[in-house]
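A short worksheet on the structure shown next.
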Amino acid sequence: MLADMPTAQPASAPDAASDIPEVASVLRTSVMRMRRRLANERHPDNDLSLGSMAVLGALYANDEMTLGALAGRERVQPPSMTRMVNFLEEGGYVVRRQGETDRRQVLVSITDEGRRTVRKDRLSRDAWLAQQLVDLDADELAALRTAASIMERIATS
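Residue 171, in our numbering, is where the sequence shown stops; the numbers in between run on with no holes.
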C-alpha cells in the first residue's frame, strides 16, 4: 500500500554544484566586508599594518619562525618579509637571531611587547564581534561555529 503512495518531491532537486559560483560570490563579499569591519575595530593604540599584525600573530602562535617560513605563510617574497621584520624589530615587537646549526638561517621570535600588542588588538576586535553575536539564537551561533571551521579549512588549504 505504501508503495502506491506518491512521495513529496521538490519540483526540481537542487544541484549543489550549480550553486557553487553563487555561494563563492556571496561568501567572498561577506568575508571581505567582515575583514574590513574587523580591521576598523582594532585597538586604538595600534598603528601597525595588518601585514605586520599577521606576522606578529604567526609568531604569537609559533613562538619562533624562520624568515622563509614567515614569508611562505604570509605569501610574500623573502625581501618583503625582511623589511617587515626589520620594522618590527626596530619597534621592539620581535627579535631575531642566527640559527644554531645553520648560521645563514635567521630565526625570528616575538617579544613581550609583541605579545601585548597582539593580545590587546585581539581583545578589542573580539569584544566588538562578541557584541554583534549577542542577539543571535543558538542555531545561528551553531551555524557560525560550523562555518568558521569550514572557512579555516579553506583558508589554510
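Backbone N, C-alpha and C fix where the C-beta goes; we use that ideal spot for every residue, glycine too.
A distance below 8 Å separates the beta carbons of V122 and L84. With a 10 Å radius around the Cβ and a threshold of 16 neighbouring Cβ atoms, V120 comes out buried.
DSSP places E88 within a helical segment (H, G or I) once states are collapsed to three. Scanning the region 98 to 161 for uninterrupted beta strand (DSSP E) segments of 3 residues or longer gives 108 to 112, 120 to 124, listed from N- to C-terminal end. If you look at E78, you'll find it isn't in any alpha helix (DSSP H); it sits in the beta strand (DSSP E) that goes 78 to 80.
Under the 8 Å Cβ criterion, the region 92 to 101 counts as touching the region 62 to 74, having at least three qualifying pairs. In the structure shown, N54 falls within a helical segment according to DSSP collapsed to helix, strand and coil. Here M48 is exposed: its Cβ has fewer than 16 other Cβ atoms, across all protein chains shown, within 10 Å.
Rounded to the nearest whole angstrom, the C-alpha separation of E78 and E104 is 17 Å. Distance from the CA atom of T125 to the CA atom of L81, rounded to whole angstroms, is 16 Å. Selection A161, R159, R136, T170 evaluated against L52 yields R136 as nearest (Cα-Cα). Excluding residues up to 5 positions away in sequence, L147 lie with their Cβ nearer than 8 Å to the Cβ of L155 in the same chain.
In the three-state reduction of the DSSP assignment, T43 falls in the helix class, which pools H, G and I. Excluding residues up to 5 positions away in sequence, V99, E103, V120, L121, V122 lie with their Cβ nearer than 7 Å to the Cβ of R110 in the same chain.
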